[in-house]
Amino acid sequence: MNRDAPDFVIVLGDVSDNAREEELRLARAALDRLEAPWVVCRGNHDVTAQGDRAPFDRAFAGHAPVGLADRAQLPLPGGLALAVLDAGWGQVDGRWWVNVPLEQIEAVRAGVVATRPALLVVAGHFPFVDQAPFIRSMAADGRNAGTQTDGERTIAALAGPGYRTLLLTGHQHFHHIVASSTDEPAWLHVTTASLAEYPAEYRIITIDGRRVTIETRPAAPDLVAANPPEVDWVRGREADRERVWGG
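Residue numbers (this note's numbering): 45 to 291.
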């Protein structure tokens with residue numbers, strides 16, 4: 045990733061398995077090797093089994109903002125705003141819920157109204173919407189799980205009008221990209237597979253005026269080819285790997 049020389053890096057969560065101190069220490073050491081500034085979102089694996097969030101907060105102090113990112117910490121280009129969301133989750137009557145607290149959404153919305161960016165980038169661990177009906181015919185139940193309970197309402201609260209919104213999430217075990225069906229508000233939702241062993245790929249996102257280009261690259265050149273074809277579904281379709289939005 046350092047060879048790509050990005051302006052900044054967004055890590056979309058699940059940097060550990062069970063939020064053990066040693067796991068978090070190793071993850072922090074790896075991210076500290078990045079030459080670009082970076083921020084990290086909290087994933088569900090970054091909370092202990094007892095629900096303790098403090099180990100993650102300690103390990104990534106200064107790199108895990110919630111809300112609109114401070115321009116003094118990240119070299120954000122003019123016209124771009126970055127919001128990092130931190131969701132909560134739990135069970136009610138045996139059913140899981142995942143939501144971003146309303147106060148986070150309202151604070152981001154107020155900041156966007158005040159600053160009027162051309163592009164709002166929203167980063168969070170959990171996908172906002174059920175993005176991939178196609179996956180149900182290809183993979184077992186559960187691999188498409190974990191979308192936000194009120195994600196569509198969150199998008200409606202944060203997206204336009206007057207600017208475009210790029211939503212970046214992880215959590216699910218396959219790549220997927222979906223765009224809004226309208227030009228106003230306009231949003232693009234990019235989910236990157238959250239798996240350590242396969243496909244172990246990352247996204248390069250290039251913003252050039254109104255043109256946003258999404259590229260997918262492997263952590264090692266032969267990593268994808270070395271894996272069996274029956275797990276190719278996690279790589280997504282070609283449209284889930286490369287996309288040009290706007291222009």
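In this text, a Cβ means the ideal position worked out from N, Cα and C, and glycines have one as well.
Do the CB positions of R153 and H219 come within less than 8 Å of each other?
Locating residue 153 in the sequence shown gives position 109, counting from the first residue. Locating residue 219 in the sequence shown gives position 175, counting from the first residue. In this structure, H219 does not lie closer than 8 Å to R153 by Cβ.
How long is the line joining the alpha carbons of D101 and R255, rounded to whole angstroms?
The residue you call residue 101 lines up with position 57 of the sequence shown. The residue you call residue 255 lines up with position 211 of the sequence shown. Between D101 and R255, the C-alpha separation is close to 35 Å.
Taking contact to mean 3 or more Cβ pairs, one atom from each stretch, closer than 8 Å, check whether the segment 144-151 and the segment 113-123 are in contact.
no
Quick check on the DSSP output: the beta strand (DSSP E) that includes G155 runs from which residue to which?
Residue numbering aside, residue 155 sits at position 111 when the sequence shown is read from its first letter. It is not in any beta strand (DSSP E) - G155 instead sits in the alpha helix (DSSP H) that spans L146 to T159.
Rounding to the nearest angstrom, what Cα-Cα distance links D194 and F172 in this structure?
Position 150 of the sequence shown holds residue 194. Position 128 of the sequence shown holds residue 172. One C-alpha to the other measures close to 8 Å.
Drop a sphere of 10 angstroms on the beta-carbon of D48, count the other beta-carbons inside from all chains shown, and report buried for 16 or more, exposed for fewer.
Here residue 48 corresponds to residue number 4 of the sequence shown, with the count starting at 1. By the 10 Å Cβ count, D48 comes out exposed.
Contacts around V165, its chain only, beta-carbon distance under 6 Å, and the 5 residues preceding and following it disregarded:
Here residue 165 corresponds to residue number 121 of the sequence shown, with the count starting at 1. L126 and L210, listed in sequence order.
Determine which residues share a DSSP beta bridge with P262 and list them.
Your numbering for residue 262 matches position 218 in the sequence shown. BP columns for P262 point to E245.
Distance, H217 Cα to G132 Cα
Sequence index remark: in the sequence shown, residue 132 carries index 88 (1-based). Sequence index remark: in the sequence shown, residue 217 carries index 173 (1-based). For G132 and H217, the distance between alpha carbons rounds to 20 Å.
Alpha carbon of I54 to alpha carbon of V136, nearest angstrom
As a first step, residue 54 is located in the sequence shown; it is residue number 10 there, counting from the start. As a first step, residue 136 is located in the sequence shown; it is residue number 92 there, counting from the start. If I take the Cα positions, the gap works out to 31 Å.
Please report the distance separating the alpha-carbon of R187 from that of A80.
Stepping through the sequence shown from its first residue, residue 187 is reached at position 143. Stepping through the sequence shown from its first residue, residue 80 is reached at position 36. Only weak support is given to the placement of R187: the predicted model assigns it a pLDDT of 49, under 50, and the question is left unresolved by the model.
If the criterion is Cβ atoms closer than 8 Å, does the pair L56 and L212 meet it?
The residue given as residue 56 occupies position 12 in the sequence shown. The residue given as residue 212 occupies position 168 in the sequence shown. Contact flag set, yes.
Using the Cβ count rule (16 or more neighbours within 10 Å means buried), how would you classify D284?
One-based indexing of the sequence shown puts residue 284 at position 240. Buried, since its Cβ has 16 or more Cβ neighbours within 10 Å.
Buried or exposed: D58, going by 16 or more other Cβ atoms within 10 Å of its Cβ?
By 1-based counting over the sequence shown, the position of residue 58 is 14. When all chains shown are included, D58 counts as buried.
Assuming E245 contacts A237 (C-beta within less than 8 Å), just tell me the rounded distance between them.
Here the question's residue 245 lines up with position 201 in the sequence shown. Here the question's residue 237 lines up with position 193 in the sequence shown. Contact flag correct, Cβ pair sits at about 7 Å.
Going by the CB atoms, is the gap between R281 and I258 shorter than 8 Å?
Residue 258 sits at position 214 when you count from the first residue of the sequence shown. Residue 281 sits at position 237 when you count from the first residue of the sequence shown. It is not a contact, given that the beta carbons lie outside the stated cut-off.
How about V123 and P161: do their beta carbons lie closer than 8 Å?
Numbered from its first residue, the sequence shown carries residue 123 at position 79. Numbered from its first residue, the sequence shown carries residue 161 at position 117. It should be noted that the sequence gives Gly, not Val, for residue 123. Yes.
Coil, strand or helix - T193 by DSSP:
Counting from 1 along the sequence shown, the entry for residue 193 is found at position 149. Note: T193 maps to coil in three-state DSSP.
How would you label P99, buried or exposed, when you count the other beta carbons within 10 angstroms and need 16 or more for buried?
Stepping through the sequence shown from its first residue, residue 99 is reached at position 55. Buried, by the Cβ-count rule.
Over what stretch of residues does the beta strand (DSSP E) that includes A127 continue unbroken?
Residue numbering aside, residue 127 sits at position 83 when the sequence shown is read from its first letter. It spans L124 to V128 - the beta strand (DSSP E) in which A127 sits, taken as one unbroken run.
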